[in-house]
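Q: Residue numbers (the working numbering), protein chains in the order written: chain Z, 1 to 173; chain H, 1 to 173.
Think of the CB as a built atom: it goes at the ideal place given N, C-alpha and C, for glycine as much as any other residue.
Since we're looking at a predicted model, the values are computed, not measured.
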Amino acid sequence: MDRFKLRKAEPKDVPDILRLIKELAKYEDMEDQVILTEKDLLEDGFGDHPFYHCIVAEVPSEKQSNNAPVVIGFAMYYFTYDPWIGKLLYLEDFFVMEEYRGFGIGSEILKLLSHTAVKTRCSSMHFIVAEGNQASIEFYKRRGAADLSLEEGWRLFKIDKSSLLKMSSGPEE
Amino acid sequence: MHFKVRAAAKEDCKDISRMIMELAVYENMADQVKTSHEDLERDGFSPNPFYECLIAEVPDEHKTKDGYTVVGYALYFYTYSTWKGRSVYMEDLYVMPDFRGKGIGTGLMAKVAQVGVEKQCVRLQLSVLEWNKPSLDFYIAKGAEDLTAKEGWHFLRFHGQTLDTLAKEAPKD
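#1: List the residues of chain Z whose Cβ lies closer than 7 Å to the Cβ of S127 (chain H), in chain order.
#2: How would you call T120 (chain Z), buried or exposed, if buried means at least 16 neighbouring beta carbons within 10 angstroms?
#3: By how many angstroms is the C-alpha of L18 (chain Z) removed from the C-alpha of A9 (chain Z)?
#4: Quick check: is the beta carbon of F95 (chain Z) nearer than 7 Å to any beta carbon in chain H?
#5: Below 7 Å between beta carbons: does that hold for K158 (chain Z) and Q125 (chain H)?
#6: Check whether chain H comes within 7 Å of L148 (chain Z), counting only Cβ atoms and requiring the distance to be less than that.
#7: Nearest-angstrom Cα distance between A135 (chain Z) and Y100 (chain Z)?
#8: Can you give the Cα-Cα distance for S36 (chain H) and E23 (chain Z), rounded to whole angstroms?
#9: With 7 Å as the threshold, decide whether the Cβ of H159 (chain H) is near any Cβ in chain Z.
#10: Counting along the chain, where does the alpha helix (DSSP H) carrying S17 (chain H) start and finish?
#11: Please report how far the alpha carbon of A9 (chain H) lies from the alpha carbon of M167 (chain Z), in whole angstroms.
#12: Count the other CB atoms, across all protein chains shown, that sit within 10 Å of the CB of E172 (chain Z); report buried if there are 16 or more and exposed otherwise.
#13: Taking V117 (chain H) and L164 (chain Z) to be in contact with their CB atoms under 8 Å, please state how far apart those CB atoms are, rounded to whole angstroms.
#14: Go to A53 (chain Z), then tell me how far its beta strand (DSSP E) extends in each direction, as first and last residue.
#15: So which residues of chain Z does V95 (chain H) contact, with C-beta pairs closer than 9 Å?
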């Protein structure tokens with residue numbers, strides 16, 4: 001695999017991005033949890049207020065036989081904020097199709113993301129990994145990532161929509 | 001005690017910066033705060049803001065001994081889940097010690113929840129240090145679920161030198 005290209009995602013990539021999101025979810029045995037549609041991705045990534053940015057990895061189409069897809073990997077990120085140090089880059093999803101792994105594509109994506117972080121004045125790149133996903137944890141730790149849950153004791157919490165609605169309709173002070 | 005929760009304006013950044021520092025001093029980490037109120041102004045009030053902030057203020061007759069009427073804040077931003085779509089992440093929630101126990105924290109958080117619901121967010125996320133029992137109890141009472149305990153999610157980051165090292169190896173444009 002000597003020729004692959006990384007570039008910013010465009011609206012036309014939305015069907016491929018959704019396909020890869022579902023492949024990643026399938027890999028994690030959670031395909032039925034993906035409720036996002038192409039319409040959501042288009043509006044949320046390429047509308048007036050983008051909620052995410054995306055990089056795609058593609059291989060030239062002349063190298064593909066029959067109907068094999070051209071976009072074979074992606075990384076989705078957005079900017080977050082730490083009141084002590086300012087802007088951060090948050091890596092939400094990162095996936096390369098199985099048959100294209102082991103060629104350094106994932107490594108190159110991570111380097112490009114780091115370069116983007118530094119260029120946009122971010123002091124850190126954050127992300128989460130499930131502790132059962134040893135392959136990913138090793139991949140990141142080999143490249144210098146620190147586990148803040150282990151080192152500092154951070155735990156991630158979520159509050160679902162029903163609880164949000166309950167909170168937001170509480171008594172006015 | 002009567003209080004008001006409202007969206008922060010650019011002029012509030014000095015108060016927000018003051019409270020960020022109060023929280024850091026309380027956690028014995030004052031030397032880690034690198035942001036100034038000018039950074040907060042630039043990052044929160046330009047055409048492309050990286051965070052939003054709500055503040056809690058009390059009437060003049062309840063102002064602090066130093067004369068402040070702004071006594072709490074909630075700083076949050078929007079994130080994105082490839083499975084579920086738009087989310088809101090609450091980065092900081094702080095109420096000055098003398099003003100706790102009066103529903104101000106709850107009021108701030110309820111407003112963040114309301115903003116999130118209006119923006120069609122499906123959930124709110126936040127993180128808490130595992131030893132911070134008062135905060136853990138506060139959030140769990142509002143319906144928060146510990147995803148680190150339940151699903152094994154860990155926070156990882158590339159910071160400082162490790163980020164720069166990765167960035168230097170990025171593919172050329």
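A: For this structure:
#1: W154, R155, L156, F157
#2: exposed
#3: 12 Å
#4: no
#5: yes
#6: yes
#7: 16 Å
#8: 43 Å
#9: yes
#10: 13–26
#11: 24 Å
#12: With a pLDDT of 48 at E172 (chain Z), under the threshold of 50, the modelled position of this residue cannot be trusted, and the question is left open.
#13: 6 Å
#14: Ala is not the amino acid found at residue 53 (chain Z); the sequence shown has His there. First-last of the beta strand (DSSP E) with H53 (chain Z): 53–58.
#15: Within 9 Å Cβ-Cβ: nothing; V95 (chain H) doesn't reach chain Z, min ~13 Å.
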